[in-house]
C-alpha cells in the first residue's frame, strides 16, 4: 500500500540498514583489493648544508622513486577476508528484507487498529447521544411524576458512563493514529 511504501522510504532505521549494506558491499571490494598490484611513488627534496640561506644552492638534491608490489601468495588471507565480508553482507541483506517485511506488517496492523478504533469511537458517540436523549426524556418523565428519582439517577449515571466511554474511545483513537504516524516514519510534531 501507499502507507507501507512511505514507511519504507521514511523510516530512519531502515535507511540505516540500507546504508550499512552499502558499506559492507564496499568492504568486500576493499578486502579483495589485496590481490591487485600496489604501485607507490615518492618524491623528496632536501639540501646538504647546515645553513638556512642556501636556497637554490648547488647542494640541493631531489630524489624520486617508484615501486610496484604484487603478492603471488598470501596464504588465502585475502580470499578468507572477502568470504567473511560476503557473509556479513548477506546477513545484513537478509536482516534488511526481514526488517522491510516487519515494517509492512507493523504499518498494516496500526492501520487496521486505527480504523477499528474509529469505528468504536463512532459507536460510542452514538451511544452517548442516545444516553443523553434517554436522560432528557427521563427528566421530562420525572417532572411529570411518571418515574421515580432512582430511575432518573440511573439514566444520569448511564449518560455519564457513555460520555466517559466516548472520551476514552477518542483517546484510544488518538493513540492509534500516533502509532500509525510513527510506524510510517513521520514525526508526531508534524501537523500533516
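Residue numbers (the numbering used here): 32 to 223.
Glycine residues also receive a C-beta, built at the ideal position from the N, C-alpha and C atoms.
None of these values were measured; they are calculated from a predicted model.
Relative to residue 142, the option among 206, 202, 95 and 93 whose CA is nearest is 206. Between the stretch 186-205 and the stretch 144-162 there are three or more C-beta pairs closer than 8 Å, enough to call the two in contact. Only residues of its own chain outside the window of five on either side were considered, and among them 138, 142 and 215 have a CB closer than 7 Å to the CB of residue 34, listed in chain order. For residue 105, the secondary structure class from DSSP, reduced to helix, strand or coil, is coil.
Cα atoms of residue 95 and residue 77: separation of roughly 12 Å, rounded to the nearest angstrom. Using a Cβ distance threshold of 9 Å, residue 65 and residue 102 count as a contacting pair. Of 119, 133 and 97, the smallest CA-CA separation from residue 72 is found for 97. Per DSSP, the unbroken beta strand (DSSP E) holding residue 98 starts and ends at 91-100. In the structure shown, residue 70 adopts extended strand secondary structure according to DSSP, grouped into three states. Boundaries for residue 178: no alpha helix (DSSP H) harbours it, and the DSSP string shows neither H nor E there. Beta-carbon to beta-carbon, residue 170 and residue 183 are separated by about 7 Å, close enough to satisfy the 8 Å threshold.
The shortest C-alpha to C-alpha distance from residue 51 to any of 121, 175, 140 and 185 is the one to 121. Distance from residue 113 to residue 63 at the Cβ level is roughly 5 Å; contact confirmed, criterion being Cβ atoms closer than 8 Å.
The criterion of a C-beta distance shorter than 9 Å is satisfied by residue 166 and residue 187.
The residue from 189, 152 and 181 with its alpha-carbon nearest to that of residue 164 is 189.
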